Amino acid sequence: MTTLNFYNWSNLILKWHSTILLGGILATIYLIFILLSDSSTIWENFLKINPWNFFLAFVLWSISNFLRAIRWHIFVRSIVKIPFLKNLILYFSGFAFLITPARMGEIIKSYYLKRDYDLPVSKTAPIVLIERFYDLAGIVSIVLISFALLESQLHVLLLFPLFGVFMFTLNRKSLVDSTLKKLFKFKYLAKYAPNIDESVKTIQQITTLKCSLIGILFSIVITGLQSIAVYFLITSFVPINLEKVFLIFPLSNFLAAITLIPGGIGVFEGGFIGLLVQNQINYDIAVTVSVLIRIIGTGFFTVLGMILLKKLSK
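According to the working numbering, the residues represented by the sequence shown are 3 to 316, in order.
Set out below in structure tokens:
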């Protein structure tokens with residue numbers, strides 16, 4: 003990618019037109035989804051929520067996103083030294099693109115790293131890709147552990163050594179190189195990281211054993227905190243075992259992530275509500291909790307990201 007092409011692409015993103023349009027479409031779909039439910043009952047449930055539980059859920063979710071920012075800072079500092087506060091603001095600005103497929107719009111952070119530190123996009127964009135991989139690894143880890151404990155299927159834990167083998171092969175340059183070349187044939191990905199060698203070097207730097215452990219452990223803690231937040235939201239209305247929430251929420255997240263549907267809209271709700279109903283949770287309560295999760299996890303941080311992005315673009 004030439005510098006000119008990159009800046010053209012970045013300026014388009016900074017205008018937010020496509021993101022706002024996409025957000026409007028998804029919000030409309032989501033509104034229709036809510037209206038198809040018993041909206042009067044949902045609003046009644048909103049009024050019944052325990053304020054303390056809602057506050058705790060919001061705090062836990064905020065802490066989980068702060069941990070994401072710390073993980074990002076650790077990975078970026080392996081390439082260039084950046085003040086923590088500036089990097090923190092930079093990371094949270096990426097939340098403006100939470101509703102993009104696989105949150106790939108967060109690559110906007112690479113634009114500011116190039117603008118302020120003259121770092122090639124191909125050197126920093128892979129961090130976003132690897133972050134998504136670690137997120138999935140953390141989610142899968144919690145799902146496997148929860149399933150093994152809840153269903154007394156401890157043999158499921160034998161899958162973890164296979165993951166170790168996968169991480170070992172991931173760090174092999176030849177494999178990464180050939181995989182990236184195949185991925186970058188797709189038009190959507192080709193514009194993000196054209197310099198294969200720089201991208202491979204970055205991927206190798208943040209997939210070492212140390213970085214992998216850091217990345218996955220952070221992801222496990224992040225998913226755990228968000229699961230506890232969801233537990234507080236559910237128990238505002240009905241009791242439920244925390245162990246079940248540690249299976250239901252991450253599994254719904256995983257299903258939403260692998261579809262690459264922007265924001266996982268519809269997929270997350272379908273999986274989450276369906277699993278709650280299977281566990282004898284009233285449908286209207288399940289819908290209410292899913293809406294609350296969107297308000298805390300997507301709505302608030304998307305708005306915060308847009309505010310910070312506007313500040314950075316000045």
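Think of the CB as a built atom: it goes at the ideal place given N, C-alpha and C, for glycine as much as any other residue.
As the structure is a prediction and not an experimental result, all values here were calculated from the model.
Exercise for review: For the alpha helix (DSSP H) holding SER143, just list the boundary residues, first then last.
Suggested key: Position 141 of the sequence shown, counted from the start, is the residue given in the question as residue 143. Start and end: 123-152.
Check your understanding: Using the C-alpha atoms, what's the distance from ASN47 back to ILE287?
Key -> In the sequence shown, the residue the question calls residue 287 occupies position 285. In the sequence shown, the residue the question calls residue 47 occupies position 45. Approximately 7 Å between the Cα atoms of the pair.
Review point. When DSSP labels each residue in this structure, what does PHE56 get in the three-state scheme?
Key: Within the sequence shown, numbered from 1, the residue matching residue 56 stands at position 54. PHE56 falls in the helix class under three-state DSSP.
Practice item. Pull up the CB-CB distance for LEU100 and GLY217, whole angstroms please, since I reckon it's below 8 Å. Key: By 1-based counting over the sequence shown, the position of residue 100 is 98. By 1-based counting over the sequence shown, the position of residue 217 is 215. With 8 Å as the limit, LEU100 and GLY217 do not qualify as a contact, their Cβ atoms being about 20 Å apart.
**Study point:** First through last residue of the alpha helix (DSSP H) which encompasses GLN228
**Key:** Taking the sequence shown and counting its residues from 1, the one referred to as residue 228 is at position 226. Its alpha helix (DSSP H) spans residues 211-236.
Review point. Quick one: what does DSSP say VAL240 is sitting in, helix, strand or coil?
Key: Translated into positions along the sequence shown, residue 240 becomes position 238. Here VAL240 sits in coil by DSSP.
Practice item. Using the Cα positions of PHE251 and VAL232, report the straight-line distance between them to the nearest angstrom. Key: Taking the sequence shown and counting its residues from 1, the one referred to as residue 251 is at position 249. Taking the sequence shown and counting its residues from 1, the one referred to as residue 232 is at position 230. The alpha-carbon atoms of PHE251 and VAL232 are separated by roughly 8 Å.
Exercise for review: Check whether the Cβ atoms of SER112 and LEU314 lie closer than 7 Å to each other.
Suggested key: Working through the sequence shown from its first residue, we reach residue 112 at position 110. Working through the sequence shown from its first residue, we reach residue 314 at position 312. Contact: no.
Check your understanding: Any chance the segment 222-229 sits against the segment 64-73, with 3 or more Cβ pairs inside 8 Å?
Key -> yes
Exercise for review: Can you check the segment 80-111 for any alpha helix (DSSP H) of at least 4 residues that lies completely inside it and give the ranges in chain order?
Suggested key: 86-95
Practice item. May I ask you to verify whether the segment 81-89 touches the segment 59-66, counting CB pairs closer than 8 Å and requiring at least 3? Key: no
Review point. Which word fits ARG105, buried or exposed, when buried means at least 16 other C-beta atoms lie within 10 angstroms of its C-beta?
Key: Working through the sequence shown from its first residue, we reach residue 105 at position 103. Per the 10 Å Cβ criterion, buried.
Exercise for review: Give the single residue among LYS116, LEU211, SER254 whose Cα lies nearest to the Cα of ILE275.
Suggested key: The residue you call residue 275 lines up with position 273 of the sequence shown. Residue SER254 is the option with its Cα nearest to ILE275.
Point to revise | Beta carbon of ILE129 nearer than 7 Å to that of PHE77 | key: Within the sequence shown, the letter at position 127 stands for residue 129. Within the sequence shown, the letter at position 75 stands for residue 77. Taking 7 Å as the Cβ cut-off, ILE129 and PHE77 qualify as a contacting pair.
Practice item. Could you pull out every residue in the same chain whose Cβ sits closer than 7 Å to the Cβ of GLU245, ignoring the five residues on either side in sequence? Key: For the purposes of this step, residue 245 is taken as the residue at position 243 of the sequence shown. Counting only Cβ-Cβ distances below 7 Å, and skipping sequence neighbours, we find SER148, LEU151, LEU152.
Point to revise | For ASN281, the three-state DSSP class (helix, strand or coil) | key: On the sequence shown, residue 281 is found 279 positions in, with the first residue counted as 1. Note: ASN281 maps to coil in three-state DSSP.
Practice item. My understanding is that PHE256 touches LYS50, with C-beta atoms under 8 Å, so please give their C-beta distance in whole angstroms. Key: For the purposes of this step, residue 256 is taken as the residue at position 254 of the sequence shown. For the purposes of this step, residue 50 is taken as the residue at position 48 of the sequence shown. About 30 Å; that fails the 8 Å criterion.
Exercise for review: Alpha carbon to alpha carbon, how far is ASN243 from LEU146? Give it in angstroms, no decimals.
Suggested key: Residue mapping note: residue 146 aligns to position 144 of the sequence shown, counting from 1. Residue mapping note: residue 243 aligns to position 241 of the sequence shown, counting from 1. So the two alpha carbons sit approximately 17 Å from each other.
Check your understanding: Among LEU219, VAL247, GLN228, THR300, which residue has its Cα nearest to the Cα of PHE135?
Key -> Residue mapping note: residue 135 aligns to position 133 of the sequence shown, counting from 1. Comparing Cα positions, the closest option is LEU219.
Point to revise | C-alpha distance - LEU121 paired with VAL269, whole-angstrom precision | key: For the purposes of this step, residue 121 is identified with residue 119 of the sequence shown, where counting begins at 1. For the purposes of this step, residue 269 is identified with residue 267 of the sequence shown, where counting begins at 1. Cα to Cα, the separation comes out at about 36 Å.
Check your understanding: Quick one, are the C-beta atoms of ILE141 and PHE248 less than 7 Å apart?
Key -> What you label residue 141 is simply residue 139 of the sequence shown in a count that begins at 1. What you label residue 248 is simply residue 246 of the sequence shown in a count that begins at 1. The answer is no: Cβ separation not under 7 Å.
Review point. In terms of alpha-carbon separation, which member of PHE234, TYR119, ASP137 lies closest to ILE298?
Key: Taking the sequence shown and counting its residues from 1, the one referred to as residue 298 is at position 296. That would be PHE234, whose Cα lies nearest to the Cα of ILE298.
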